[in-house]
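Visitor: Dumping the structure here so I can ask a few things about it.
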Amino acid sequence: MKLTMTAIALMLMLPGAALAQDQAKQAPEKQEKRRDDTLDKAGTIASQPVRDVGLDKDEIPPILLKAMDNPYAPPPSRTCKGLNTSLGELNAVLGEDFTAGAAANENRTGKIAEAVGKTIVNSLIPFRGLVREISGAAPAQRRLQAAVTAGIARRGYLRGQAAAKGCKVTS
């Protein structure tokens, strides 16, 4: 048991040390963003058991609920400014859109550390899948994922509308 705990502690510390070295090599503004992402991910991982038992449910943003109703509804404003505003609102909730030609910037060490953390935290609840179904966490997660999918479809539709009008998409 003691050997297992030591192995787990080492697995958690090594990727963290490599991630810290990787951060030290980056520009200060990228370093700050990466640090914020790392803290956000760590908080999300650590709070997973609370979400699994249904005590903390993610609220679906109103803009995604509206997109679920009809992702292909005409936009409120068909001007370039109006389309960019609508796209900006979706980006604020969904994160930045995929950009063709953008270089992939994946931090393998960070991904490994994240996977190890998730595995350890998710193993704390026995019969996790069953607990999530009974508590309502799994159906809530499926509803949120459906809303995100509708939001992505809406964003694609609005980008298409903007491209057809010849708008420069700023979001």
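So the sequence shown is numbered by my numbering: it starts at 24 and just counts up by one. Using N, Cα and C, we set each Cβ at its ideal position, and we do this for glycine too. The structure displayed is predicted, hence computed values, not measured ones.
#1: Would you check if the distance between the CB atom of A170 and the CB atom of L87 is smaller than 8 Å?
#2: Measuring only the C-alpha atoms, how far is A90 from I143?
#3: Could you check what DSSP says for E112 in three-state terms: helix, strand or coil?
#4: Is it buried or exposed for E156, if we count other Cβ within 10 angstroms and need 16 for buried?
#5: Pick helix, strand or coil for L181, following the three-state DSSP scheme.
#6: Specify the secondary structure class of K188 as computed by DSSP and reduced to three states.
#7: What would DSSP say about D81, mapped onto helix, strand or coil?
Guide: Well, looking at it:
#1: For the purposes of this step, residue 170 is identified with residue 147 of the sequence shown, where counting begins at 1. For the purposes of this step, residue 87 is identified with residue 64 of the sequence shown, where counting begins at 1. A170 is a Cβ neighbour of L87, given a cutoff of 8 Å.
#2: By 1-based counting over the sequence shown, the position of residue 90 is 67. By 1-based counting over the sequence shown, the position of residue 143 is 120. Approximately 35 Å between the Cα atoms of the pair.
#3: For the purposes of this step, residue 112 is taken as the residue at position 89 of the sequence shown. E112: helix per DSSP, three-state reduction.
#4: Counted from its first residue, the sequence shown places residue 156 at position 133. Counting Cβ neighbours within 10 Å, E156 comes out exposed, since fewer than 16 surround it.
#5: Stepping through the sequence shown from its first residue, residue 181 is reached at position 158. Helix, per DSSP.
#6: On the sequence shown, residue 188 is found 165 positions in, with the first residue counted as 1. In the three-state scheme derived from DSSP, where H, G and I count as helix and E and B as strand, K188 is classed as helix.
#7: Position 58 of the sequence shown holds residue 81. In the displayed model, D81 falls within coil according to three-state DSSP, outside both helix and strand.
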